[in-house]
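The structure under discussion appears below in the form of structure tokens.
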Amino acid sequence: MAAMRSAIEAKGVTRIFQSTGSDAVKALDNVSVTIRENEFFTLLGPSGCGKTTLLRLIAGFDFPTDGGIFLYGEDIAPLPPFRRPVNTVFQSYALFPHMTVAQNVGFGLEMLDRPRVEIEARVDAMLKLVHMQDLKNRRTSQISGGQQQRVALARALAPQPKVLLLDEPLSALDYKLRKEMQVELKRLQAETGITFIFVTHDQEEALTMSDRIAVMSAGKILQVGSPWEIYDRPTDRFVADFIGETNFLIARVNGVTSGKANVTLSSGANISATIADGYQPNGKATLVVRPEHAKLLKGAGDIAGVVENIVYFGTDTHIQVRLSEGGPFTVRQQNTRNGGCGFAKGDHVGIQIGEDAAQVLKD
Amino acid sequence: MGTAKETINRFERADVRSRWLLSAPALIIILFAAAGPLLVVLVYSFLVPGSYGDVKWEFSTDAWVGVFFERDIFDDTLSFADAHLTIFWRSIKLSMATTILALIFGFPTAYFIATRPERTRDIWLFLITIPFWTNVLIRTFAIQEVIRNEGVVNSLLKLAGIIDQPIPMMYTDFAVLLGMIYVFLPLMVLPLYASMEKIDFRLVEAGYDLYATRFRVLRRVIIPLVKPGIVAGSILVFIPSLGAYVTPRVMGGGSNLMIGNLIELQFGQGRNWPLGASLSIVLMVIVMIAMLIFVRYTDRSDAGHG
Chain A
1 MAAMRSAIEA KGVTRIFQST GSDAVKALDN VSVTIRENEF FTLLGPSGCG KTTLLRLIAG
61 FDFPTDGGIF LYGEDIAPLP PFRRPVNTVF QSYALFPHMT VAQNVGFGLE MLDRPRVEIE
121 ARVDAMLKLV HMQDLKNRRT SQISGGQQQR VALARALAPQ PKVLLLDEPL SALDYKLRKE
181 MQVELKRLQA ETGITFIFVT HDQEEALTMS DRIAVMSAGK ILQVGSPWEI YDRPTDRFVA
241 DFIGETNFLI ARVNGVTSGK ANVTLSSGAN ISATIADGYQ PNGKATLVVR PEHAKLLKGA
301 GDIAGVVENI VYFGTDTHIQ VRLSEGGPFT VRQQNTRNGG CGFAKGDHVG IQIGEDAAQV
361 LKD
Chain B
1001 MGTAKETINR FERADVRSRW LLSAPALIII LFAAAGPLLV VLVYSFLVPG SYGDVKWEFS
1061 TDAWVGVFFE RDIFDDTLSF ADAHLTIFWR SIKLSMATTI LALIFGFPTA YFIATRPERT
1121 RDIWLFLITI PFWTNVLIRT FAIQEVIRNE GVVNSLLKLA GIIDQPIPMM YTDFAVLLGM
1181 IYVFLPLMVL PLYASMEKID FRLVEAGYDL YATRFRVLRR VIIPLVKPGI VAGSILVFIP
1241 SLGAYVTPRV MGGGSNLMIG NLIELQFGQG RNWPLGASLS IVLMVIVMIA MLIFVRYTDR
1301 SDAGHG
């Protein structure tokens, strides 16, 4: 891997929206994050978590109340959007309705006063990149949503920005088209080598496309990491809950040896678990176990329960268990062609939590 | 199958009948309130003036000749009616100036209103329409009060010691122009606002994002998008300006006539109804030509839009 240069760096960014007659809203609360060069970086979180605000601050449509935003070390926070080598793909595409596809794509270069010949060549190259060269003279109202999406991408990529910002660009597309564009976006990122900052509330989209993900909630970044780290090594209850399905267990930490914790479950069973960064040893802990990392047994396991519901999903079956200590627990079991999962409603079962299945959250 | 087709046909005929019935009131109004009077005007323009106003029912093209030519009292030779042509030209010139200036002042006003928070926009629109509540004549006299020799502006300038003699502003083209802009400005602001309000301001952000400076965003994004409003507002201001009668009368005095005053003169003191009628038709033709130019202009710029 090349040296990890930072493309965008947010340092202590706070954005407070003050409106008359109501309380001030802290959309971003002292957020610091470093986005590396050539990386596909995703800001993931529910609506209202501040991810779009952060994107707008980087684009220059809004300015931070406090803190700095650095592009390759240069503070760009006070610059207007037209002085930042950063382009945006808008959620609604925001294509100019009074221009053709080619005019839309060429707009940025035209505003940079590039020579006519260069603009034409670049527009053609961009349209070819997104497979839209045949529709170059169409009006933007005459093309489909998926095609508009491609034009919006070509338009934002044409001026060769240092960073491309994408604000939930796939949310308006139907499922199949969205899958297609996910692949397309990854390809474009690889081909252009531009740093992508992608905003989404769709965890699946984030996991499949990103090099790294920042999970946000209530104006704060809770965890930054690779999709694997976010999914398998969540540090925070919100992160674990927001991404994928999770079982939470209360446990007591007996001790930590070489990065692994020995914990006692409320059933009395002792298991080992990985520990989240920033864990403060205080005896009690919340344990997360992904449904596919636990195993259901006919006999006794680490914890006991009764099968409450069985849901068939095709590739796998979700078996929902009511624990004898109280609380639900879901186990996901890979399906075979033999039919049935081997359990029935009302069965008394044991749940086995493997050697490397559990993670202790930091709080 | 045949019966189904017949039923459909019957319903279609009934549908057509009911549509005619529904549009009957509108058609009657158009016939009696618009087409009828116009026909009268057209007929009158080919008659001979009576001695005390009114018309004599004799066919004559004198009125039409009189619109463009003057007959010499002594030798009956025709020469161009300079007075009329000057008034036509002044009317067109002043109306165009009014339209352009109303656009220049109205555009920022409309933009200001359209960019306010939704709650306060209604208040601003309300303020814009307040002058409409007062009679045009009163409003025009109010302006007169501001710019006449002993008016507000001259008094203040004198008081400040900037001038000794009042600057004569009344009874000039400037005064007429000022009065017309004031009276017709809301007609420009409202359609401009209507089309600006519809703008997706993310397009403006997209413009900034793609390296367009504020001026270029205005020229390349905002103006093309509000073009329908610009055209509608220009038509709404230009047409009444051309036929304006009260404002040029009050602000221009007797020397700065516009077509409207000339027509009024023929029906009043001039007692030449046929000439007045033909002048009215000339005014209509000028308006029609202006409309055609406007429509051509917008059609071309909108080609390929939909």
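So the protein sequences, as listed, match chains A and B.
Here the first sequence is numbered in the numbering used here, starting from 1 and rising by one per residue.
Here the second sequence is numbered in the numbering used here, starting from 1001 and rising by one per residue.
Ideal Cβ positions, reconstructed from N, Cα and C, are used throughout, including at glycine.
Just so it is clear, the structure is predicted and the values come from calculations on it, not from any experiment.
The beta strand (DSSP E) spanning residue i covers which residue range?
i: I369/A; result: With chain A running from 1 to 363 in the structure shown, residue 369/A is simply not present.
i: K1198/B; result: No beta strand (DSSP E) holds K1198/B; DSSP gives it neither H nor E.
i: G350/A; result: H348 to I353
i: L153/A; result: Where L153/A is concerned, there is no enclosing beta strand (DSSP E), although the alpha helix (DSSP H) it sits in stretches over G145 to L157.
i: G342/A; result: Segment: none, G342/A is in no beta strand (DSSP E) and carries neither H nor E.
i: S6/A; result: S6 to F17
i: L1307/B; result: Lying outside 1001 to 1306, the shown extent of chain B, residue 1307/B is not represented and no answer is given.
i: G68/A; result: D66 to L71
Which residues does DSSP pair with residue i in a beta bridge?
i: N270/A; result: T264/A
i: F248/A; result: V288/A
i: L164/A; result: N87/A and F196/A
i: P328/A; result: R322/A
i: V306/A; result: R322/A and H348/A
What residue range does the alpha helix (DSSP H) around residue i cover?
i: H1084/B; result: D1082 to A1114
i: I1162/B; result: Where I1162/B is concerned, there is no enclosing alpha helix (DSSP H), given that its DSSP letter is neither H nor E.
i: E180/A; result: Y175 to T192
i: R122/A; result: R116 to L129
i: S1234/B; result: I1223 to L1242
Please confirm whether any heavy atom of the ligand ADP lies closer than 7 Å to the CB of residue i.
i: K176/A; result: Among the ligands in the structure shown, none appear at all, so the ligand ADP cannot be discussed.
When we look at the beta-carbon of residue i and count the other beta-carbons within 10 Å, is it buried (16 or more) or exposed?
i: M1/A; result: Low local confidence applies: a pLDDT of 45 at M1/A is under 50, so the model's placement there is unreliable, and no value is given.
i: A1303/B; result: Here the model assigns A1303/B a pLDDT of 43, short of 50, so the residue's position is not dependable, and the following value carries that caveat. That one is exposed.
i: G145/A; result: exposed
i: M1196/B; result: buried
i: N104/A; result: buried
i: H348/A; result: exposed
i: E205/A; result: buried
i: A1034/B; result: exposed
i: N1154/B; result: buried
i: N1009/B; result: exposed
i: H1305/B; result: Residue confidence for H1305/B is low, a pLDDT of 41 falling below 50, so the modelled location carries little weight; the figure read from the coordinates is stated next. Answer is exposed; the Cβ neighbour count stays below 16.
i: P115/A; result: exposed
i: R212/A; result: buried
i: L164/A; result: buried
i: G108/A; result: buried
i: H1084/B; result: buried
i: E1150/B; result: exposed
i: K128/A; result: exposed
i: I119/A; result: buried
i: G60/A; result: buried
i: E366/A; result: Past the boundaries of the shown model lies residue 366/A; chain A is included only from 1 to 363, so the question cannot be answered.
i: K176/A; result: exposed
i: G299/A; result: exposed
i: G1036/B; result: exposed
i: T88/A; result: buried
i: P78/A; result: exposed
State yes or no: is the C-beta of residue i within less than 8 Å of the C-beta of residue j?
i: M126/A; j: L157/A; result: yes
i: A214/A; j: V33/A; result: yes
i: I194/A; j: P159/A; result: no
i: E39/A; j: R5/A; result: no
i: I1210/B; j: H98/A; result: Looking at the sequence shown, residue 1210/B is not Ile but Leu. It is not a contact, given that the beta carbons lie outside the stated cut-off.
i: R237/A; j: G283/A; result: no
i: P1274/B; j: L1047/B; result: yes
i: V1176/B; j: T1099/B; result: no
i: Q147/A; j: P169/A; result: no
i: G45/A; j: L28/A; result: no
i: P1186/B; j: T1129/B; result: yes
i: K362/A; j: G259/A; result: no
i: A1110/B; j: L1192/B; result: yes
i: R1202/B; j: S92/A; result: yes
i: A285/A; j: Q352/A; result: no
i: D232/A; j: V199/A; result: no
i: P227/A; j: L207/A; result: yes
i: L1042/B; j: I1281/B; result: yes
i: L1265/B; j: S1091/B; result: no
i: K345/A; j: I310/A; result: yes
i: A1244/B; j: G1260/B; result: yes
Can you give me, in chain order, the residues of the stretch 22 to 51 of chain A that have a beta carbon less than 8 Å from any beta carbon in chain D?
Chain labels in this structure do not include chain D; the protein chains are A and B.
3 or more residues per run - each beta strand (DSSP E) lying fully within the stretch 1007 to 1080 of chain B
The stretch 1007 to 1080 of chain B contains these whole beta strand (DSSP E) runs: 1069 to 1071 and 1078 to 1080.
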